[in-house]
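Have a look at the structure below, then the notes.
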Amino acid sequence: RKSTIITTNIPLSQWSEIFGNKKLTNALLDRLVHHSKIIQITGPSYRMKSYSETKGKETKR
Numbered sequence: 006r007k008s009t010i011i012t013t014n015i016p017l018s019q020w021s022e023i024f025g026n027k028k029l030t031n032a033l034l035d036r037l038v039h040h041s042k043i044i045q046i047t048g049p050s051y052r053m054k055s056y057s058e059t060k061g062k063e064t065k066r
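Numbering (the working numbering), first residue to last: 6 to 66.
In structure tokens:
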């Protein structure tokens, strides 16, 4: 057995907008989340914080 980790910043409910086909997306998600553990992390993005700090340093020059 092997593990697969998938990360996304888009909620699963919006994936059909990305793939454009609701039936296909539902089938994909059904297979993907079967026997899976979904961990949802909320809060401020560390990437955006780092980006904001970098932008602030650039404007001070």
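Glycine residues also receive a C-beta, built at the ideal position from the N, C-alpha and C atoms.
Quick test of your reading: residue i and residue j, contact by CB under 8 Å. State the CB separation rounded to the nearest angstrom.
i, j, result
"Ser21", "Lys27", "4 Å"
"Ile23", "Ile10", "About 19 Å; that fails the 8 Å criterion."
Can you name, in chain order, every residue of its own chain whose Cβ lies under 8 Å from the Cβ of residue i, other than the five neighbours on each side?
i, result
"Pro49", "none"
Please return the same chain residues whose Cβ sits closer than 6 Å to the Cβ of residue i, not counting the five positions on each side in sequence.
i, result
"Lys60", "none"
Here's a check: name, in chain order, each residue in its chain whose Cβ is nearer than 7 Å to the Cβ of residue i, leaving out the five neighbours to either side.
i, result
"Gly25", "none"
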